[in-house]
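J.: Before anything else, here's the structure in question.
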Amino acid sequence: MSETKKFLYLNRKAPYGTIYALESLEVVLIGAAFEQDVSLAFVDDGVFQLTKGQNTKGIGMKDFSPTYRALGDYDVNKLYVEKESLEERGLSLDDLMPLTYEDEDDDYAEKDSIRVVSRAEMAQIMDEQDVILSF
Amino acid sequence: MSETKKFLYLNRKAPYGTIYALESLEVVLIGAAFEQDVSLAFVDDGVFQLTKGQNTKGIGMKDFSPTYRALGDYDVNKLYVEKESLEERGLSLDDLMPLTYEDEDDDYAEKDSIRVVSRAEMAQIMDEQDVILSF
Amino acid sequence: MKFAIQINEGPYQHQSADSAYQFAKAALEKGHEIFRIFFYHDGVNNGTRLTTPPQDDRHITNRWVELAEKYDLDLVVCVAAAQRRGIADADEAKRNGKDADNIAPKFRISGLGQLIEAGIQSDRLVVFGD
Amino acid sequence: MKFAIQINEGPYQHQSADSAYQFAKAALEKGHEIFRIFFYHDGVNNGTRLTTPPQDDRHITNRWVELAEKYDLDLVVCVAAAQRRGIADADEAKRNGKDADNIAPKFRISGLGQLIEAGIQSDRLVVFGD
Amino acid sequence: MSILHIVNKSPFERNSLASCLGHALDGSSVLLFEDGVYGAIKGTSFSDTLGAAMASRSVYVLGPDLAARGIDESKLVDGVKVVDYAGFVDLSAESDKVQSWL
Amino acid sequence: MSILHIVNKSPFERNSLASCLGHALDGSSVLLFEDGVYGAIKGTSFSDTLGAAMASRSVYVLGPDLAARGIDESKLVDGVKVVDYAGFVDLSAESDKVQSWL
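Residue numbers (this note's numbering), protein chains in the order written: chain A, 1 to 135; chain B, 1001 to 1135; chain C, 2001 to 2130; chain D, 3001 to 3130; chain E, 4001 to 4102; chain F, 5001 to 5102.
This is how it looks when you write it as structure tokens:
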């Protein structure tokens, strides 16, 4: 398995209502060991996965939102969030968790993992992938 | 169980993509033995359940559309179909299976079971029920 | 007041089974009665004793069992839906020639008539699903 | 060409398992290879041998088993999803202290790495779900 | 006869809430829960539809589902009331029936 | 790189097809199957959206799913091509990757 492929995890569902957001994270974490070129796309209701201040105590489910902050440590640092999807949902970057990583090619400078892109840019990002896992 | 309640079966999903349409029919048939006042509502994609000419051979699933024709024999003859839902989907009454029943209070005259109603009328019909089973 | 609850989805995939549980628990704690909880469609998958969720996650089936023990609830699994999805008690397994069964304690398998009856006998039927 | 297939939904509730089967069958009949079929989320419920669908309905699990036998397919059930939903083989049942297992023949339980590997090793991954 | 309409789906993903509001009579109540709570956020592509419906209907949102999703109550359309599961039960008991929009 | 986009949901119920068309580049292909086939009917509230997208994209619909739902091919938006499962496989093989809009 020396081949490196571009993997895109396409997240279009809100968290908690269904298990897909949680499972997407699970695959990303397991997949990190395979040293592929990994990107995450947050489109449509998928942008709700990244809201800050999630507190699941009242619904009795596990709050998995802290896991997004661990992605940088797994060299998963391309989290593309669609601008139009945010706007339609009354959200801005300020409503999302700050997610960062240390760039080892730039003296370990701390950089933002979240990259807000337009729908047109998102379409290009999808087009550049080898494998798209839809959640 | 001498009490008679008004039961509404609310069908909002297309057939075959999910099992709900088939299961709704199952409950209606079983429920007929309980001698309640039964109505069926077809709203949103639920109107697709009644299209004529369904042929499931190619997908390997059971064609349950003939069962709708049996409803009249079970004294289930109030099938309310929403006009707006039909129109949004490019359908008219001609695209639906003809469904009839024999009216025992009118010398067993054959009458239409399908009653096309407006959204406003559908809202009233919902309001008049005792129990609403959603599919 | 007498409630009946219908659950259309299995555990973990959708929040329906969680919402139904929280609703049922709140109703019981307020002193309401629950006439029956009817597990329909994929909802029948709430009733398998073979689940082993992660330690830090809720155990949906056990939660139902404990609630049923505490309040003597009637947990009914739809037989036709159960047959399609591989939920069986000892009788069903025997009748269908299966070498194992998997139903959880406190759950019982019965027909759709139980749902209709719940609609007739209860004051409110609340449906949780996808 | 080498395909991999991912299935996210259980049998009967959604058409996903049917579409995936028809796709897999058509691909195999055209001479393509299927590297792996990965059952994820509720998809793991395709792999129980306890199902007894009505006589006039298709038997989704048996259909998978027969296709796997004919073409020597690798049917993999996600272990974490299976634990949450009560799908177990003899080893899993023993490890988790269960008194029964329910996995169908030809299915095997393994980890998510098998999905990633399928994505790497196949030419096309096709996902069927809700 | 009064109906409590309950909606558990995001209005950005499905037509459930839009259809519900199209059928909810004046004076009826609508409870948003699970992913349905996203329908109560102000400043979205859906909030005008909800606001218009609220002129003659009561809209509730389930607090535990809001909190799980990180939505502060200050973000809600004006007039939306927050309830907990006990409040959900109360609303069900106070209405004549409960209608699920699945 | 060319994508085969596959959509299995009704455009009247979910936003999957609308979102798909918003992200499908010129020259890409879209296959409608399962309840997605309803998106290919002409004279609906969605058919103008599909027609506009077809100016620069190829749209296919799965015949067996059409037939199951009682939709005659004469009811389809002009230019939509009907394929069977073997055609679905061919489209997947001819594209560089397959993207599911779930």
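Yeah, the Cβ is synthetic: ideal placement off N, Cα and C, and Gly gets one too. A quick note: this is a predicted structure, and the numbers were derived from the prediction, not measured.
#1: How long is the line joining the alpha carbons of Asp-1073/B and Asp-2089/C, rounded to whole angstroms?
#2: Comparing the C-beta of Gly-3111/D with each C-beta of chain C, is any distance below 8 Å?
#3: In chain C, which residues lie with their C-beta within 9 Å of the C-beta of Ala-4093/E?
#4: Which same chain residues end up closer than 7 Å to Gln-3114/D when comparing Cβ atoms and leaving out the 5 residues on each side of it in sequence?
#5: Cβ of Lys-62/A less than 8 Å from any chain C Cβ?
#6: Determine the closest residue to Asn-2096/C out of Gly-2086/C, Pro-2105/C and Ala-2104/C, with distance taken between C-alpha atoms.
#7: Tell me which residues share the same chain as Gly-4063/E and place their Cβ nearer than 6 Å to its Cβ, disregarding the 5 neighbours each side in the sequence.
#8: Can you pull out the residues from the region 2081-2100 of chain C whose beta carbon lies closer than 7 Å to at least one beta carbon of chain A?
#9: Do Ala-4040/E and Val-4077/E come within 8 Å of each other at the CB atom, strictly closer than that value?
#10: Hey, is Gln-2121/C close to the ligand NAD, as in C-beta under 7 Å from one of its heavy atoms?
#11: Decide if the region 1012-1029 of chain B is in contact with the region 101-115 of chain A; the criterion is three or more beta carbon pairs, one per stretch, under 8 Å apart.
#12: Please state the DSSP three-state secondary structure of Thr-1100/B.
#13: Please name the residue in Val-2127/C, Ile-2116/C, Gly-2010/C and Asn-2102/C whose C-alpha comes closest to that of Leu-3131/D.
#14: State buried or exposed for His-4005/E, treating a residue as buried only when at least 16 other CB atoms are found within 10 Å of its CB.
#15: Secondary structure at Asp-112/A, three-state DSSP: helix, strand or coil?
#16: Pull up the DSSP beta-bridge partners for Val-4098/E, would you.
#17: What residues in its chain sit with their C-beta under 7 Å from that of Tyr-1020/B, if we drop five residues either side in the sequence?
#18: With a cut-off of 8 Å, does the C-beta of Ile-19/A fall near any C-beta of chain E?
#19: Put Asp-37/A into one of helix, strand or coil per three-state DSSP.
#20: Taking 8 Å as the CB-CB limit, is Tyr-16/A close to chain C?
#21: Which residues bound the alpha helix (DSSP H) around Phe-3023/D?
#22: Please classify Ile-5071/F: is it buried, with 16 or more other beta-carbons within 10 angstroms of its beta-carbon, or exposed?
#23: Which residues of the region 5028-5048 of chain F have a Cβ closer than 8 Å to any Cβ of chain B? Give them in chain order.
#24: Can you round the beta-carbon distance between Gln-1036/B and Lys-4097/E to whole angstroms, since I take them to be within the 8 Å contact cut?
#25: Helix, strand or coil for Gln-3006/D, going by three-state DSSP, please let me know.
#26: Name the chain E residues whose beta carbon is nearer than 7 Å to that of Asn-5015/F?
#27: Could you pull out every residue in the same chain whose Cβ sits closer than 6 Å to the Cβ of Gly-5087/F, ignoring the five residues on either side in sequence?
#28: Along chain F, which residues have their Cβ under 9 Å away from the Cβ of Asp-3130/D?
#29: For Glu-16/A versus Thr-56/A, is the C-beta distance shorter than 8 Å?
#30: From the beta carbon of Asp-2018/C, is the nearest beta carbon of chain D less than 8 Å away?
#31: For the pair the region 2048-2067 of chain C and the region 2004-2020 of chain C, tell me if three or more CB-CB distances fall below 8 Å.
#32: So which residues on chain E does Asn-147/A lean against when the C-beta distance must stay under 9 Å?
#33: So which residues on chain F does Val-2955/D lean against when the C-beta distance must stay under 9 Å?
#34: Given a cut-off of 8 Å on the beta-carbon distance, is the pair Gln-3006/D and Tyr-3040/D in contact?
#35: Determine the closest residue to Tyr-5038/F out of Lys-1005/B, Leu-1091/B, Ile-1125/B and Val-1081/B, with distance taken between C-alpha atoms.
#36: Buried or exposed, going by whether 16 or more other CB atoms sit within 10 Å of the CB of Leu-93/A?
T.: With the structure as the only source:
#1: 34 Å
#2: no
#3: Met-2001, Phe-2003, Ala-2027, Lys-2030, His-2032, Asp-2123 and Arg-2124
#4: Arg-3036, Phe-3038 and Val-3076
#5: Chain C, which has a Cβ nearer than 8 Å to the Cβ of Lys-62/A, makes this yes.
#6: Gly-2086/C
#7: Val-4082 and Asp-4084
#8: none
#9: yes
#10: Inclusion of the ligand NAD in the displayed structure is not the case, the ligand content being empty and no account of it being possible.
#11: no
#12: strand
#13: Limits of chain D in this structure are 3001 at one end and 3130 at the other, which puts residue 3131/D out of reach.
#14: buried
#15: strand
#16: Leu-4004/E
#17: Lys-1013 and Phe-1135
#18: False, the Cβ-Cβ gap to chain E never drops below 8 Å.
#19: strand
#20: yes
#21: Per DSSP, Phe-3023/D belongs to the alpha helix (DSSP H) from 3016-3029.
#22: Buried, by the Cβ-count rule.
#23: Taking 8 Å as the Cβ-Cβ cut-off against chain B, the residues of the region 5028-5048 of chain F that qualify are Glu-5034, Asp-5035, Tyr-5038, Ile-5041, Lys-5042, Gly-5043, Thr-5044, Ser-5045 and Ser-5047.
#24: The Cβ separation is near 14 Å, so there is no contact.
#25: DSSP places Gln-3006/D in strand when its eight states are reduced to three.
#26: Phe-4012 and Glu-4013
#27: none
#28: Asn-5008, Lys-5009 and Leu-5102
#29: Position check: residue 16/A holds Tyr in this sequence, whereas Glu was assumed. Closer than 8 Å, so yes.
#30: no
#31: yes
#32: The requested residue 147/A is not part of the displayed model; chain A covers only 1 to 135.
#33: Nothing about residue 2955/D can be reported from this structure: the residues present for chain D run from 3001 to 3130 only.
#34: yes
#35: Comparing Cα-Cα distances from Tyr-5038/F to each of Lys-1005/B, Leu-1091/B, Ile-1125/B and Val-1081/B, the minimum goes to Leu-1091/B.
#36: exposed
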